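Chains as they are written, first to last, in this note's numbering: chain A, 1 to 545; chain B, 1 to 235.
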């Protein structure tokens, strides 16, 4: 079957098939929707990052001198809400997952292309509500919306913030639904479950969490909104309600939400590690089962966020034990990535640098998670910077590292252009150094007893040196994040045209042209090989210029 | 793709106008739609599950006040609505069967009957809401629910606890009613397509999938009815 050619003589791709704003806003092509998401989440990432920088600037000095206390409360609240709900949760699934899953399994599109577009519009409506909230003075409940603070005692825009996240939640649900059905029903002939790339397995596990967790957050936020509007008292102890019930419902989603963020990252790292070690993944079945195991066990640990909230000791002990269990599949993953690299033919391209960063930082984030899962230590470090450092090691050190690694790995496929390798390595290094400089001091701060969410620490000026280090690190990190955006944009015009398979990688997505045509495959592919068949690929990764 | 002169196999597959471009076969498309709805219903169970969980906690804590609140609901209207919904489930099932058999008129009649039954349900629900409003049982500043806990003439009803019962009553039945309204809208769209003879033995997926949704909304009511209306009817 002949390749479609445009009048200009260029090969027809999903990018140049149609032009104009309508061809983007009404597209049902999963690849174009992925790019719509890419632009939107990048926008929110920089808004959330802006709040983070203001927080770090305020903490540069012990006195609360840059912003008012109330403003500071709004800054960390909106930093959390924007980053969690409008960047971290959609980022990998809605951008890379959307783009790659149909191609990786040999399908022309996701099962429900129009639902896919609807999910982007829901995201935009939620995002617009969030922007409205920010521009109208913001919200200061903390990203957790704890009641009765959020329902009775604050005079900020809790209702619009709650509705923003409610709507964005449905966008997340629809993405998950599409991925589950696509994985079940759209696989090419021969693409059995045991041949699926781990990237697809990771998104399948993520989708299960999105599907079963997000609706609970939706109803919880709806109850908060109703309670605030009509003074119902469901979560207000003064009216007979139970604030602990709110926390249970909230964390029933919001703890598994951490796995919504990290599991797709694990999928990315598996792809990168295999490609740049030129080896099949070590323990494929264990890796796939570990992903599902994290998704399942992740649903049973939520109350470890409530150890000091007044739950019963026996409940706390059980949740503590279950939280330890998450370490088992997580450790399987780290060991198997390491074993994959063992005696591999490793090259140090940008995606691999990010993968190295991910493995190290995720391990540190995971191990400090065990500290927090143990009842005694948790009491000491609850609501301190130790917790802040821990979850940033998972979410930023883990998920954002993996996201950037994935963006570099598949950018040639997405854009049809190579990014500048030297700048890529520099940015990866800056992100790694900047990240550790920002967040490692926070472990020490937290262990020394500095509470989170404080705007002024002039009672203990000895915390300043570590805070100065952290702020300096945040500056480096910011440069590391802005750089890729600049050179990705630059490469779209000036980058070298990318070959179909720039890394000599395995997988169906590298067998279609870069960038792919609208329906991905000229002919229905038939899969006759196992995933990661690097032993059959003789070529090495080309040397970067 | 469809402009290509060589894609004859694809063009053959495209002869059924309902087959979307990215599916290989009609069977694959039908399976995807059906699985999609089942997965969506799983999310709906979790959505209502949060409220059922809240109900469970407060029913346990405020046993008597919930009993009193339940007694104040109109069990005749609630029971009638249960019967109406079960009948509508039957008419939906008949509509799906008619679509499978290609009986065009029967599809339309069954779908219209379903929508009518849905509207009857919503009308009765409206009457019930109106009664509650008149009796000052709507949560808010005007909330007033005098009396004593059933079986304990010496224990007055705690207004806060009763208000939680009515809050849950209105939110749970309100969200259920919203699902009913969405369902009626869905069937209006499908009836319009049925009038254009879109459905038959070759293609009845939308009727079947919307039917699944409707059955689910019925099942939610089957749980809401006893929990809200019947928990304290022994005397």
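Ideal Cβ positions, reconstructed from N, Cα and C, are used throughout, including at glycine.
All values reported here derive from a predicted model rather than from experimental measurement.
Distance, residue j Cα to residue i Cα
i, j, result
"residue 2 of chain B", "residue 219 of chain B", "Reliability fails at residue 2 of chain B, whose pLDDT of 41 lies under 50, so the model's placement of it is uncertain and the value that follows must be treated cautiously. Their backbone Cα atoms lie some 44 Å apart in a straight line."
"residue 20 of chain A", "residue 53 of chain B", "49 Å"
"residue 95 of chain B", "residue 371 of chain A", "58 Å"
"residue 414 of chain A", "residue 516 of chain A", "8 Å"
"residue 398 of chain A", "residue 119 of chain A", "25 Å"
"residue 352 of chain A", "residue 401 of chain A", "11 Å"
"residue 127 of chain B", "residue 198 of chain B", "37 Å"
"residue 82 of chain B", "residue 74 of chain B", "12 Å"
"residue 349 of chain A", "residue 91 of chain A", "23 Å"
"residue 468 of chain A", "residue 447 of chain A", "17 Å"
"residue 202 of chain B", "residue 100 of chain B", "8 Å"
"residue 249 of chain A", "residue 374 of chain A", "22 Å"
"residue 267 of chain A", "residue 88 of chain B", "46 Å"
"residue 527 of chain A", "residue 536 of chain A", "15 Å"
"residue 100 of chain A", "residue 206 of chain B", "28 Å"
"residue 56 of chain A", "residue 86 of chain A", "21 Å"
"residue 117 of chain B", "residue 510 of chain A", "54 Å"
"residue 61 of chain B", "residue 357 of chain A", "50 Å"
"residue 50 of chain B", "residue 217 of chain A", "8 Å"
"residue 196 of chain A", "residue 13 of chain A", "25 Å"
"residue 90 of chain B", "residue 134 of chain B", "35 Å"
"residue 376 of chain A", "residue 324 of chain A", "14 Å"
"residue 178 of chain A", "residue 282 of chain A", "29 Å"
"residue 179 of chain B", "residue 333 of chain A", "42 Å"
"residue 108 of chain A", "residue 364 of chain A", "40 Å"
Backbone secondary structure at residue i - three-state DSSP
i, result
"residue 497 of chain A", "strand"
"residue 179 of chain B", "helix"
"residue 160 of chain B", "helix"
"residue 468 of chain A", "helix"
"residue 348 of chain A", "coil"
"residue 451 of chain A", "strand"
"residue 141 of chain A", "coil"
"residue 280 of chain A", "coil"
"residue 308 of chain A", "coil"
"residue 59 of chain B", "helix"
"residue 417 of chain A", "strand"
"residue 5 of chain A", "strand"
"residue 457 of chain A", "coil"
"residue 233 of chain B", "coil"
"residue 14 of chain A", "coil"
"residue 487 of chain A", "helix"
"residue 19 of chain A", "coil"
"residue 390 of chain A", "helix"
"residue 204 of chain B", "coil"
"residue 152 of chain B", "coil"
"residue 213 of chain B", "helix"
"residue 27 of chain A", "coil"
"residue 384 of chain A", "strand"
CA nearest to the CA of residue i, picked from the options
i, options, result
"residue 183 of chain B", "B:111, B:162, B:49", "B:111"
"residue 184 of chain A", "B:18, B:22, B:36, B:25", "B:36"
"residue 241 of chain A", "B:45, B:160, B:131, B:202", "B:160"
"residue 518 of chain A", "A:9, A:337, A:23", "A:23"
"residue 315 of chain A", "A:304, A:12, A:324", "A:304"
"residue 188 of chain B", "B:45, B:114, B:58, B:129", "B:114"
"residue 72 of chain A", "A:97, A:83, A:93, A:138", "A:138"
"residue 147 of chain A", "A:530, A:243, A:418, A:262", "A:243"
"residue 435 of chain A", "A:473, A:452, A:417, A:466", "A:473"
Check: If you measure beta-carbon to beta-carbon, which residues of the stretch 156–171 of chain B are closer than 8 Å to chain A?
Finding: 158, 160, 161, 163, 164, 167, 168, 171
Check: Which runs of the alpha helix (DSSP H) spanning at least 4 residues fall entirely within the stretch 85–113 of chain A, listed in chain order?
Finding: 98–104
Margin query: Taking beta-carbon pairs under 9 Å, can you tell me which members of the stretch 45–61 of chain B lie near chain A?
Written below: 45, 46, 47, 48, 49, 50, 51, 53, 54, 57, 58, 61
Item checked: Contact list for the stretch 236–257 of chain A against chain B, Cβ threshold 7 Å -> 239, 240, 241, 242, 245, 249
Margin query: Output needed in chain order: residues of the stretch 130–155 of chain B with a Cβ under 8 Å from some Cβ in chain A.
Written below: 139, 140, 141
Next item on the list: With a floor of 4 residues, list each alpha helix (DSSP H) that falls wholly inside the stretch 150–214 of chain A, ordered by position along the chain.
Entry: 158–185
Check: In chain order, what residues of the stretch 160–183 of chain A put their CB closer than 7 Å to some CB of chain B?
Finding: 173, 177, 180, 181
Note to self: Give me the subset of the stretch 180–197 of chain B whose CB atoms are less than 7 Å from a CB atom of chain A, sorted by chain position.
What the structure shows: none
Next item on the list: Could you run through the stretch 319–339 of chain A and flag, in chain order, every residue whose CB is less than 7 Å away from some CB of chain B?
Entry: none
Check: Which residues, taken in chain order from the stretch 142–156 of chain A, show a beta carbon closer than 7 Å to some beta carbon of chain B?
Finding: none
Check: What residues in the stretch 215–228 of chain A have a beta carbon less than 9 Å from any beta carbon of chain B?
Finding: 215, 216, 217, 218, 219, 220, 222, 223, 226, 227
Note to self: Please give me, in chain order, every unbroken run of the alpha helix (DSSP H) with length at least 4 that falls completely inside the stretch 70–103 of chain B.
What the structure shows: 75–101
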